[in-house]
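Numbering (the working numbering), first residue to last: 22 to 163.
From the three backbone atoms N, C-alpha and C, an ideal C-beta is built for every residue, glycine too.
Fair warning: this is a prediction, and the values are worked out from it, not measured in the lab.
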């Protein structure tokens with residue numbers, strides 16, 4: 022069954038993007054979720070604000086990824102600071118494929134990300150820290 026133009030318009034949603042979300046995260050979410058980016062103008066307040074828009078399903082997926090990408094980026098930034106402070110490389114492992122992909126993507130955006138390595142198998146050691154992000158675990162091996 023073909024959707025009518027009205028059905029398509031009724032299915033479109035938009036959400037404002039909060040200040041502080043980096044452009045790299047916005048672009049990656051656009052690629053992953055099939056949403057679009059636009060800067061809108063509020064005529065009453067005479068201010069511009071960014072939004073993403075798309076169909077409801079893609080917007081819900083984008084909301085989830087905004088949280089996941091932001092939390093992972095903050096965690097990677099803190100881990101990278103510690104690698105620089107203690108001059109020690111770190112290995113990360115997660116058994117969640119989605120989280121692995123997000124980590125792999127964001128490692129390029131983090132300063133000192135070259136000292137952080139994403140591994141495919143969990144190391145057989147008790148010397149690790151466990152970070153829980155959005156219900157998913159990251160094992161940090163020093």
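Would you mind stating whether residue i and residue j have Cβ atoms separated by less than 8 Å?
i: residue 87; j: residue 123; result: no
i: residue 112; j: residue 144; result: yes
i: residue 130; j: residue 157; result: no
i: residue 73; j: residue 57; result: yes
i: residue 61; j: residue 69; result: yes
i: residue 127; j: residue 137; result: no
i: residue 94; j: residue 46; result: yes
i: residue 79; j: residue 55; result: yes
Counting only the same chain and skipping the five closest in sequence on each side, list residues whose C-beta sits under 7 Å from that of residue i.
i: residue 155; result: 88, 89 and 92
i: residue 149; result: 160, 161 and 162
i: residue 15; result: Outside the shown range of the chain (22 to 163) lies residue 15, about which nothing can therefore be said.
i: residue 49; result: 90 and 126
Indicate the three-state DSSP secondary structure (helix, strand or coil) for residue i in the structure shown.
i: residue 75; result: strand
i: residue 64; result: coil
i: residue 117; result: coil
i: residue 133; result: coil
i: residue 108; result: coil
i: residue 148; result: coil
My guess is that residue i and residue j are in contact by the Cβ rule of under 8 Å, so how many angstroms apart are they, rounded?
i: residue 109; j: residue 163; result: 6 Å
i: residue 96; j: residue 140; result: Not quite, the Cβ-Cβ distance comes to about 16 Å (not below 8 Å), so this is no contact.
Going along the chain, which residues of its own chain have a beta-carbon closer than 6 Å to the beta-carbon of residue i, five neighbours each way excluded?
i: residue 205; result: Residue 205 cannot be examined here, being either before or after the span of the chain that is shown, 22 to 163.
i: residue 115; result: 121 and 159
Spatial neighbours of residue i within its chain, please: CB distance less than 8 Å, with the 5 preceding and 5 following residues excluded, ordered by chain position.
i: residue 101; result: 131, 132, 133, 134, 136 and 137
i: residue 43; result: 94 and 130
Three CB pairs or more closer than 8 Å across the region 35–52 and the region 73–87: Counting Cβ pairs under 8 Å, three or more are found: they touch.
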